[in-house]
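A.B. asks: Sharing a structure, written as structure tokens. Questions coming.
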Amino acid sequence: MSEAPAAPRTASADGTPEDGTALLLTPPVPRAGWRVLPARVAAMCAVELQKLRHDRTELYTRAVQPALWLLIFGQTFTRIRAIPTGGVPYIDYLAPGIIAQSAMFIAIFYGIQIIWERDAGILNKLLVTPTPRSALITGKAFAAGVKSLVQAVVVIVIAALLGVALTWNPLRLLGVALAVVLASVFFSCLSMTIAGIVLSRDRLMGFGQAITMPLFFGSNALYPVSVMPGWLQAVSKVNPLSYQVDALRGLLLGTPAHLAADFGVLAVAAAAGITAASALLGRLAR
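Printed below as a string of structure tokens:
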């Protein structure tokens, strides 16, 4: 007598074999962009910190210009008393503006690095990975923020040695760090956006030099907005550097400030910068 036919193996409820071979046949699901973003940002920041640890000469050389601004310009105009500062010594009034300036000068030329990576073939290798372009831009932008933050610490130390009355409240210092990082994210993304347009290091250097001084002098870093001519006041109102300086003065010196509006503008500017730079990243890699 023939044996009864074997019963067919039951399929699992989700349609995959029960012997576990589906794990070998089905490719792993790639992680979503929001999961890749924190890791990429942390990796880029770690790389920049490694660079600073192995080569500290950049910190020393970049500290010269802020020190000269505070030593010469600050102390001279403190004696002249030609600029109304609301009873605050001019060198104290100037210190937050120099912190913002030194951080901006680091971030505004950050596009040169991404052009160098393009020329070295590194950028194309990064773009073929599953990492979203926005994650790459955000990682580089926050890396610029870390470098700017280190520079801001150096300037704060110099200002303290010169007798500037700064606050040491930990919460206020955290606010200072946030303002520096957000502004640096915007300026570095502005630089990478320009890099995506001009596609050349020489052209980017020219554009960077052309916009840094107007951004600096068209802000409230050196003098209050009230003493500016009308057209320059209009420029200052759309200049993110003015909002950064206003936030830094309010946090470090305790002067009247509009912190909610300042941080709101900086956050919106940073988000807009990341969006614009991410859109032009593919053009840079062609």
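Position 174 of the sequence shown, counted from 1, bears residue number 1516 in the working numbering, the numbering being contiguous throughout.
We put the CB at the ideal spot given by N, CA and C, even for glycine.
Go to S1578, then tell me how far its alpha helix (DSSP H) extends in each direction, as first and last residue.
C.D. replies: Locating residue 1578 in the sequence shown gives position 236, where the first residue counts as 1. 1572-1579 is the extent of the alpha helix (DSSP H) around S1578.
A.B. asks: I'd like the list of long-range same chain contacts for V1506, defined as Cβ closer than 7 Å, with 5 residues on each side in sequence excluded.
C.D. replies: Residue mapping note: residue 1506 aligns to position 164 of the sequence shown, counting from 1. Correct list, in chain order: I1433, D1434, A1437.
A.B. asks: Please report the residue range of the alpha helix (DSSP H) in which R1460 lies.
C.D. replies: Numbered from its first residue, the sequence shown carries residue 1460 at position 118. R1460 -> alpha helix (DSSP H) spans 1453-1462.
A.B. asks: According to DSSP, is N1466 helix, strand or coil?
C.D. replies: Residue mapping note: residue 1466 aligns to position 124 of the sequence shown, counting from 1. N1466 falls in the helix class under three-state DSSP.
A.B. asks: Return yes when the Cβ of A1449 is within less than 9 Å of the Cβ of S1629, no when it is not.
C.D. replies: Here the chain comprises residues numbered 1343 to 1628, so residue 1629 is not present and cannot be evaluated.
A.B. asks: Taking the alpha helix (DSSP H) that S1526 falls in, what are its first and last residues?
C.D. replies: On the sequence shown, residue 1526 is found 184 positions in, with the first residue counted as 1. Taken as a continuous stretch (DSSP letters only), the alpha helix (DSSP H) holding S1526 covers 1512-1540.
A.B. asks: So for L1366, helix, strand or coil by DSSP?
C.D. replies: By one-based count along the sequence shown, residue 1366 stands at place 24. Low per-residue confidence applies at L1366: pLDDT is 49, beneath 50, and the placement is therefore not dependable, though the value from the model is reported in the following sentence. Here L1366 sits in helix by DSSP.
A.B. asks: My guess is that G1592 and A1599 are in contact by the Cβ rule of under 8 Å, so how many angstroms apart are they, rounded?
C.D. replies: One-based indexing of the sequence shown puts residue 1592 at position 250. One-based indexing of the sequence shown puts residue 1599 at position 257. Sure, about 2 Å apart at Cβ, within 8 Å.
A.B. asks: Return no unless some Cβ of chain B is closer than 9 Å to the Cβ of P1472.
C.D. replies: Here there is only one protein chain, and chain B is not present.
A.B. asks: With a cut-off of 8 Å, do at least 3 Cβ pairs link the stretch 1506-1517 to the stretch 1458-1467?
C.D. replies: no
A.B. asks: So is G1624 buried or exposed if we call it buried at 16+ other beta carbons inside 10 Å?
C.D. replies: In the sequence shown, residue 1624 corresponds to position 282, counting from 1. With fewer than 16 Cβ atoms within 10 Å of its Cβ, G1624 is classed as exposed.
A.B. asks: What whole-angstrom Cβ distance do L1541 and L1626 have, given they're in contact under 8 Å?
C.D. replies: Numbered from 1 along the sequence shown, position 199 holds the residue referred to as residue 1541. Numbered from 1 along the sequence shown, position 284 holds the residue referred to as residue 1626. Their Cβ separation, rounded to whole angstroms, is 6 Å, which keeps L1541 and L1626 in contact under 8 Å.
A.B. asks: Rounded to the nearest angstrom, how far is the Cβ of G1550 from that of F1484, given a contact under 8 Å?
C.D. replies: Here residue 1550 corresponds to residue number 208 of the sequence shown, with the count starting at 1. Here residue 1484 corresponds to residue number 142 of the sequence shown, with the count starting at 1. Wrong, their Cβ atoms sit about 20 Å apart, outside the cutoff.
A.B. asks: Which class does R1545 belong to by DSSP, given the choice of helix, strand or coil?
C.D. replies: If you number the sequence shown from 1, residue 1545 lands on position 203. Secondary structure at R1545: helix, using DSSP grouped into helix, strand and coil.
A.B. asks: Alpha carbon to alpha carbon, how far is M1534 from I1500? Give it in angstroms, no decimals.
C.D. replies: Counting from one through the sequence shown, the residue named residue 1500 turns up at place 158. Counting from one through the sequence shown, the residue named residue 1534 turns up at place 192. Spanning the two alpha carbons is a distance of roughly 30 Å.
A.B. asks: For P1380, which of helix, strand or coil comes out of DSSP?
C.D. replies: Residue numbering aside, residue 1380 sits at position 38 when the sequence shown is read from its first letter. In the three-state scheme derived from DSSP, where H, G and I count as helix and E and B as strand, P1380 is classed as helix.
A.B. asks: Residues in its own chain within less than 8 Å of M1343 by CB, not counting five upstream and five downstream?
C.D. replies: In the sequence shown, the residue the question calls residue 1343 occupies position 1. With a pLDDT of only 48 at M1343, under the threshold of 50, the placement of this residue in the model should not be trusted, and no figure is reported.
A.B. asks: Looking at the unbroken alpha helix (DSSP H) that takes in R1421, where does it start and where does it end?
C.D. replies: Against the sequence shown, residue 1421 aligns to sequence position 79. Counting along the chain, the unbroken alpha helix (DSSP H) around R1421 starts and ends at 1417-1422.
A.B. asks: Which of helix, strand or coil does DSSP assign to G1428?
C.D. replies: On the sequence shown, position 86 is the one that residue 1428 refers to. Residue state, collapsed to three classes: coil.
A.B. asks: Output the distance between the C-alpha atoms of R1460 and M1446, rounded to the nearest integer angstrom.
C.D. replies: Looking up residue 1460 in the sequence shown gives position 118. Looking up residue 1446 in the sequence shown gives position 104. Those two C-alpha atoms are separated by around 23 Å.
A.B. asks: With H, G and I counted as helix, E and B as strand and the rest as coil, what does DSSP make of S1561?
C.D. replies: In the sequence shown, the residue the question calls residue 1561 occupies position 219. If DSSP states are grouped into helix, strand and coil, S1561 belongs with coil.
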